[in-house]
Amino acid sequence: MTIPMRFGYKASSEQFGPRELLDYAVLAEEMGFDSVFLSDHMQPWMHDGGHAPAALPWLGAVGERTQRVLLGTSVLTPTFRYHPGVVAQAFGTLGAMHPGRFILGVGTGEALNEVTLGLDWPESPERFQRMKEAILLIRELWAGERVTFDGTYYSTNNATIYDRPETPIPIYIGASGPAATRLAGRMADGWITTSGKASTLYTDELLPAFDDGIAKGGRSRDDVDTLIEVKVSFRPDLAQAKENTRFWAPLALKPEEKTGIHDPIEMQRRAEELPIERAASRFIVSDDVEQHIEAIARYVELGFRHLVFHDPGHDQEAFLRLYGEQVLPKLRERFA
1 MTIPMRFGYK ASSEQFGPRE LLDYAVLAEE MGFDSVFLSD HMQPWMHDGG
51 HAPAALPWLG AVGERTQRVL LGTSVLTPTF RYHPGVVAQA FGTLGAMHPG
101 RFILGVGTGE ALNEVTLGLD WPESPERFQR MKEAILLIRE LWAGERVTFD
151 GTYYSTNNAT IYDRPETPIP IYIGASGPAA TRLAGRMADG WITTSGKAST
201 LYTDELLPAF DDGIAKGGRS RDDVDTLIEV KVSFRPDLAQ AKENTRFWAP
251 LALKPEEKTG IHDPIEMQRR AEELPIERAA SRFIVSDDVE QHIEAIARYV
301 ELGFRHLVFH DPGHDQEAFL RLYGEQVLPK LRERFA
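Everything in the sequence shown is counted per the UniProt record's numbering, starting at 1 for the first residue and increasing by one.
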């Protein structure tokens with residue numbers, strides 16, 4: 001199997017309400033994007049102007065409004081506020097309604113979305129093991145009937161997912177560290193990570209871990225999709241392109257500056273203290289198409305085959321049209 005080159009759109013549920021996002025997803029398909037991925041947050045990064053529509057009903061709606069694009073989560077946490085069995089049922093239903101179009105992207109989660117519901121927030125090793133066990137259970141539920149599962153964290157008793165597609169839905173693992181990236185290479189259908197970090201993180205840590213996982217799983221790179229959320233702010237006005245990144249300043253906070261924070265008001269307070277240069281540091285900020293494409297090309301050259309573009313601005317229609325008319329055709333000409 002050869003993984004095709006794909007270009008997707010990140011629908012930012014932390015920034016827009018469900019109706020707006022639905023229209024943007026439809027426009028993304030019209031403008032030639034190959035996929036639409038939605039974040040799944042209980043709470044947004046920023047309190048003022050923030051949103052947090054539920055991913056599962058939204059995906060059902062966008063499936064009905066579109067015909068071609070792949071649809072998925074980037075990412076959903078199947079370990080705390082969702083039981084893995086509920087996730088298996090929900091995506092089984094989505095896959096039965098729209099066969100071959102859905103991807104389940106999972107991750108270990110963030111305190112922001114779980115602690116607010118009164119749930120405990122364990123250390124990273126437990127969250128990792130919970131995610132791994134959840135994936136195993138979801139796959140068992142999709143593959144069999146009357147599944148009895150007795151894991152360390154989850155269990156089922158003669159559980160059956162009665163409505164599911166004939167072909168199991170691909171599961172992608174979101175990972176920004178070596179352990180989860182290695183797991184993605186070994187057992188997932190795809191790996192999701194994000195751009196805008198030090199180049200040595202990808203070349204020296206993540207990609208070697210991914211290849212190690214692939215080798216341990218007896219697979220090749222052609223068996224596993226490599227998806228990267230590419231943070232881009234492209235506008236004809238460079239000053240506007242930079243200013244657009246301000247709403248997403250929380251992404252520029254260091255792990256020690258935001259780990260364990262579960263209040264969007266506190267997250268916003270810390271983010272607003274950052275200068276605009278730091279807020280923009282995670283993004284490819286440009287006003288020139290050729291320079292923009294050269295910056296994106298770096299990720300293709302690293303081996304990523306599925307680039308999902310996240311624009312931080314409030315005018316998403318302008319972004320989608322600019323990309324559809326000026327950027328995607330050149331990317332396809334060069335890389336597809």
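Here a beta-carbon is modelled for each residue, glycine too, at the ideal position from N, C-alpha and C.
Everything numeric in this text was worked out from a predicted model, so none of it was measured.
For residue i, count the other beta carbons within 10 Å of its own beta carbon; 16 or more makes it buried, fewer makes it exposed. Which is it?
i: P250; result: buried
i: K10; result: buried
i: P264; result: buried
i: I276; result: exposed
i: E317; result: exposed
i: T226; result: buried
i: P84; result: buried
i: E273; result: exposed
i: D288; result: exposed
i: Q268; result: buried
i: D34; result: buried
i: S199; result: exposed
i: H306; result: buried
i: residue 337; result: Here the chain covers residues 1 to 336 and nothing more, so residue 337 does not appear.
i: G260; result: exposed
i: D311; result: buried
i: H292; result: buried
i: G118; result: exposed
i: A336; result: exposed
i: G92; result: buried
i: K231; result: buried
i: P329; result: exposed
i: G303; result: exposed
i: T181; result: buried
i: T2; result: exposed
i: V314; result: A small fix is needed here, since residue 314 is His in this sequence, not Val. With fewer than 16 other Cβ atoms within 10 Å, it is exposed.
i: R282; result: buried
i: P165; result: buried
i: A297; result: exposed
i: P255; result: exposed
Just checking my contact of residue i with residue j at CB under 8 angstroms: how many whole Å lie between their CB atoms?
i: L320; j: M5; result: Their Cβ separation, rounded to whole angstroms, is 19 angstroms, which puts L320 and M5 out of contact at 8 angstroms.
i: T163; j: A96; result: Note that residue 163 is Asp in the sequence shown here, rather than Thr. 5 angstroms between Cβ atoms; contact.
i: V308; j: E257; result: No, V308 and E257 are not in contact; Cβ-Cβ is about 25 angstroms, not under 8 angstroms.
i: W142; j: A88; result: 6 angstroms
i: E133; j: T152; result: 6 angstroms
i: S233; j: I284; result: 7 angstroms
i: T73; j: A55; result: 5 angstroms
i: V62; j: V36; result: 7 angstroms
i: A52; j: S13; result: 6 angstroms
i: P7; j: L331; result: Looking at the sequence provided, one finds Phe at residue 7 rather than Pro. The Cβ separation is near 6 angstroms, so the contact holds.
i: M131; j: V147; result: 19 angstroms between Cβ atoms; not a contact.
i: S176; j: T203; result: The pair is not a contact, with the Cβ atoms about 15 angstroms apart (cut-off 8 angstroms).
i: G49; j: F247; result: 7 angstroms
i: P236; j: L206; result: That belief does not hold up - the Cβ atoms of P236 and L206 are roughly 34 angstroms apart, past 8 angstroms.
i: W102; j: L71; result: Note that residue 102 is Phe in the sequence shown, not Trp. F102 to L71, Cβ: 5 angstroms. Contact.
i: F149; j: T156; result: 5 angstroms
i: W58; j: L21; result: 7 angstroms
Spell out the partners DSSP gives residue i in its beta bridges.
i: residue 339; result: Residue 339 lies beyond the stretch modelled for the chain, which goes from 1 to 336, so this question has no answer here.
i: H226; result: A quick correction: the sequence has Thr, not His, at residue 226. DSSP lists W191 as partners of T226.
i: L104; result: I171
i: K10; result: F37
i: E234; result: According to the sequence as given, residue 234 is Phe; it is not Glu. BP columns for F234 point to S286.
Item to check | Unbroken stretches of the beta strand (DSSP E), 3 residues or longer, contained in the region 40-92 | outcome: For the region 40-92, the continuous beta strand (DSSP E) assignments of 3+ residues that do not extend past its boundaries occur at 70-73, in sequence order.
Item to check | Validate contact between the region 79-93 and the region 125-137 using beta carbons, cut 8 angstroms, 3 pairs | outcome: Yes: the two stretches touch, three or more of their Cβ pairs being nearer than 8 angstroms.
Checklist entry - How do the region 188-201 and the region 153-172 stand: do at least 3 beta-carbon pairs fall below 8 angstroms, yes or no? => result The answer is yes - the region 153-172 touches the region 188-201, with three or more Cβ pairs under 8 angstroms.
Checklist entry - Between the region 102-120 and the region 31-50, do three or more beta carbon pairs fall short of 8 angstroms? => result Contact holds: three or more Cβ-Cβ distances are below 8 angstroms.
Next on the checklist: Please give the ranges of any beta strand (DSSP E) in the region 135-182, keeping only runs that are unbroken, at least 3 residues long and fully inside the region.
Outcome noted: DSSP runs (the beta strand (DSSP E)) wholly in the region 135-182: 147-150, 155-159 and 171-174.
Next on the checklist: Check whether the region 238-248 and the region 211-225 are in contact - that is, three or more C-beta pairs closer than 8 angstroms.
Outcome noted: The region 238-248, when compared against the region 211-225, does not touch it at the 8 angstroms Cβ threshold.
Next on the checklist: Which complete beta strand (DSSP E) runs does the region 285-316 hold, if anything under 3 residues is left out?
Outcome noted: Taking only runs of at least 3 residues, the beta strand (DSSP E) segments lying wholly in the region 285-316 are 306-310.
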